[in-house]
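In my numbering, the protein residues as written are 5 to 1283.
Quick reminder that beta carbons are idealized off the backbone N, C-alpha and C, glycines included.
If you're wondering where the values come from, they're calculated on a predicted model, not measured in any experiment.
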């Protein structure tokens, strides 16, 4: 027996950067990590749901790390588990892993339960998940009496498996007595529940060895059901049948699945011919790339389901006779999953930090916190800690604040548990980079010198060149947060010793490293393009120049691959020679030179020809110049010379010289100058503190050559800056500051290291001295504490380590603006007319503006209408007048109204205070037209007029003016009559009119100012009773009767409208209807009305649209009615008749219910007359057990059972399950699933094993996976 141990080993401390959220980064240095204290961290644990083999020892893992090493303890079912009191339980040394000895007498069932591990040291306690231990079970098959299945050809059949309940559930497959898999097809297949389904049976299905096997993987055992016999008898002819679903039953079902799982939906149908299954998702598409069809498309499989996969899935079974379908409503829930898991926090004393724990799920998970394994509500208080929902906020932590916090996110489907520690460290600086480390780089390339460090609080890093050199700073160095010093362009003089110093409040430490800068490797003679005759000899040169301390290696490649293994290829020190050239030697040859620090290459093409080509003049761009040389180096000039390349039969016209600044802009080439093609030297002007390289490009009539190789570098000496920054400005951002900005000098304009700026300012027109400050290489400086909006003289001068630039010019700026102090005074309003007013004000003193005067704003708004005396809210209107203007016009006023206004001054900061509100009134104006005019009640000699008052009276109405005149049959107007009507009237009866006469009326309103716009209308008096036209007064002939169309009404629906009207006039009029979209300028559409009907239906209208309509009569001089406007109804979803509300359906259902009630009464009477009888007699009377009465829970006979052998008979229900098991990879033998087939079965065909006296309850639906998870799998609480 292993000796019990609670001690923990000195586990190595590993702190991962990805787990740190703080100002401290702990480097991955093993020596450092072993010295730092750390709270415990669980590194390994057993799964939450741990099913163990009952025949083997149980090992429950719990490993943790920490400094000092943690100790371990366990709880079982929520209480302390004292392993010292159980001889079967030991803990591994230096570990928290438990070993429960089952093989030496222990029973696994005795150790079922919920276990939790705690790892603890002086800095906190971490806990594991709740680990649920359950031994696996592989029970034997319950004995049952299986009767042969006699089935008619073409009928469906289901062979039930009903495997014993196991843990975990078994894998089901069907085989015969020869241990060969039974063939499956669209007609015969295994369901998810393990049953074997026949859509229709055929004579070849007759056999006596349908055997269902259950494989229990955990215990590596296989159980066998007794063989089932099937006999198919034929009847001619075989009746074809349309599909019906064997599983699932009914028209709908539901399914719940968890996010991330595999969704399996199954439909198996009966029918002849064999139905074909098709799947669709109602209202959507099946997810692409995640949808699979199995079991001959009877099973729909969707992997990695999410909430978006919820919905209704329909399976459709179809053959030539019809179809059947079933809808499965799928709901996707979700166990908790992390959005942001809490991460370890490393802090210095006095720092702040947060732990964040965010999870999602369906339903939304509950978040709870623990501290060192104890609910935080009852944990010891920590003044630096504050819990805010899913976040813990730490403020001003101390070393005693170190602890391990646990976040638990749980819902009904599961939980998540995460440990995250807060480790407060106080450590002096340490430099982790080895002392005297040597760095080697190539000249003109970056150099990175490491200074890996750690300390708490975070140390500050400084670099020095040499042991006693000055601190490094400036553009030529880059300082990285991790302590690394970068020299962007290392030069030969950068070689030397560099010192890194790290310091914090607890101490100081330094370290030295060395840098060596090497000359670059160059190919000074590159291989050239060759054309060689077949069987000739060719040679490529590759002459190199390199740093004498570096050892180069030269490699030759052909077409980017190794040279052929052929003795014809001879590699020399500086060349490659190919003997006896053949056609296959065509290609590109590359010379690659490698050193430990750099690599260069050059290529050339070899072309093999059959015979020497006929000489021809080839015009091409020139070859690049070569052998560039610098001479006569001075501070501000240098002489460059070169050798021209081949002209390629076109003379070189000129050379272009370009330069590169390797110090400030490496890799960027700039135009310097150009010279004639006959010149091969040039004197170049230079700037100070630039690391120059030059290249030359030759130009001829064909084009430009490739650039030459760069010349050697030449670093000019530093000098004072030649120029100052440009675009200097001074603009305040606050009332008490002045922000001075400028455009910084470019790198090469600095003329030397240590570029800085001298910023100077003084208040203008005040006898003040200049105030100056020197700032780093920035482009802004803020002067605080200035008066509000005063002018300043400003200048910015560049300087470097060698001195100042020339004296800069001065610019004028202003300090920050503030809101104006006073409002404009003496505001006066002059009303020009009823809609226009002019406002005057006095300007405010400029000193009170306190900024740049931008103008004045006039706010004005209507208070009320003087004619209606009603107040309503009206938004204020704003007019802005730019500059120092002192008056403005207010247009668009409403007549006869009361207004208020105020004026404000505006500067760059905003608006000043408003002047006192000024009230003014607009005079009366002319009214708008009356709102309507209707003419009704026509008689022989009278008409009734009704009208509405103007919408905008614009004053006090004094009267209405009515004018009217008759219209004869030639549309000539008669004498005009005018009537003045009091303003308080709204109707008038006109008498003594001519009968059967059309009149035109003109109607308007008046105020004291004048008449408003008029409204017009026409009307006709009616004929006398005898229908004889009387001559008009003063006329010599009888006037004809003019028609009248009135009261046009509409009844509109979505796409049509019913138009009706009243007509007065001659008989047999031919009507038409004109209509169009209201407000549109399109021509009217015309519809002819059949006969003399007074209604018409307009069709094909657009829903939700306003239309205008009018009615006219053909042949009546274009007479039409007045316009009417109507709007069609909005588009509605098509209506569906609810069958449940139809009378015939309700009657039919009542009749069916009555018939069922009568049948139930008859069955009840017959049952009471039958009585009970013994089981033996019942079996004799009914040999077929399929028709015996059964209990609903376990399928045994109701009230009758064999108490001696406990053999439950075959269940008679044909209700199938809706599950299937994926076909295994092996389908030919049982040997793969056990230890062979010799002597492993009893006479009844079951596996050898001892039956338990305890009766196992059958599962209702095999390995059903859609049920809600057990409480063990979805634990919401774990302490």
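Of the listed residues the options, nearest to residue i (C-alpha basis)
i            : options              : result
residue 270  : 137, 783, 333, 195   : 195
residue 860  : 90, 789, 829, 257    : 829
residue 107  : 712, 60, 448, 1019   : 60
residue 497  : 123, 718, 409        : 718
residue 318  : 254, 589, 104        : 254
residue 550  : 446, 934, 455        : 446
residue 975  : 443, 997, 1001       : 1001
residue 507  : 90, 521, 458         : 458
residue 1134 : 640, 807, 1005, 1060 : 1060
residue 68   : 1053, 683, 522, 47   : 47
residue 863  : 978, 243, 85, 893    : 893
residue 696  : 668, 704, 260        : 668
Test item: CB-CB of residue i and residue j under 8 angstroms
i            : j            : result
residue 451  : residue 554  : no
residue 983  : residue 948  : no
residue 725  : residue 809  : yes
residue 428  : residue 410  : no
residue 280  : residue 311  : no
residue 960  : residue 871  : yes
residue 160  : residue 338  : no
residue 709  : residue 649  : yes
residue 228  : residue 217  : yes
residue 247  : residue 321  : yes
residue 1077 : residue 1129 : no
residue 816  : residue 795  : yes
residue 100  : residue 76   : yes
residue 839  : residue 783  : no
Where the alpha helix (DSSP H) containing residue i begins and where it ends
i           : result
residue 192 : Where residue 192 is concerned, there is no enclosing alpha helix (DSSP H), although the beta strand (DSSP E) it sits in stretches over 192 to 194.
residue 278 : Looking at the DSSP string, residue 278 is not in any alpha helix (DSSP H), and its letter there is neither H nor E.
residue 852 : 850 to 853
Host beta strand (DSSP E) of residue i (start-end)
i            : result
residue 428  : 418 to 428
residue 561  : 557 to 562
residue 1329 : Only positions 5 to 1283 of the chain appear in this structure, which leaves residue 1329 out of reach.
residue 861  : 857 to 869
Neighbourhood of residue i by C-beta distance below 6 angstroms, restricted to the same chain and skipping five residues each side
i            : result
residue 394  : 361, 362, 371
residue 607  : 592, 594
residue 813  : none
residue 258  : 333
residue 1056 : 1130, 1132
Cβ-based neighbour list, residue i, same chain, cut-off 8 angstroms, excluding 5 preceding and 5 following
i           : result
residue 821 : 736, 739, 792, 793, 854, 855, 856, 911, 912, 913
residue 624 : 652, 653, 654, 706
residue 943 : 1025, 1026
residue 383 : 374, 375, 376
residue 425 : 42, 43, 44, 45, 127, 128, 130, 348, 349, 406, 407, 408, 409
residue 242 : 157, 158, 276
residue 921 : 904, 905, 906
Contacts around residue i, its chain only, beta-carbon distance under 7 angstroms, and the 5 residues preceding and following it disregarded
i           : result
residue 678 : 658, 659, 660, 661
residue 207 : 157, 236, 238
residue 439 : 515, 516
residue 536 : 542, 585, 610, 612
residue 381 : none
residue 171 : 55, 138, 140, 141
residue 509 : 461
Proximity test, residue i beta-carbon vs the ligand NAD heavy atom, cut-off 7 angstroms
i           : result
residue 477 : Among the ligands in the structure shown, none appear at all, so the ligand NAD cannot be discussed.
Unbroken beta strand (DSSP E) runs of length 3 or more, entirely within the segment 751 to 781: which are they? 760 to 767, 775 to 779
Counting only runs of 3+ residues fully inside the segment 892 to 931, write out the beta strand (DSSP E) ranges in chain order. 901 to 911, 922 to 925
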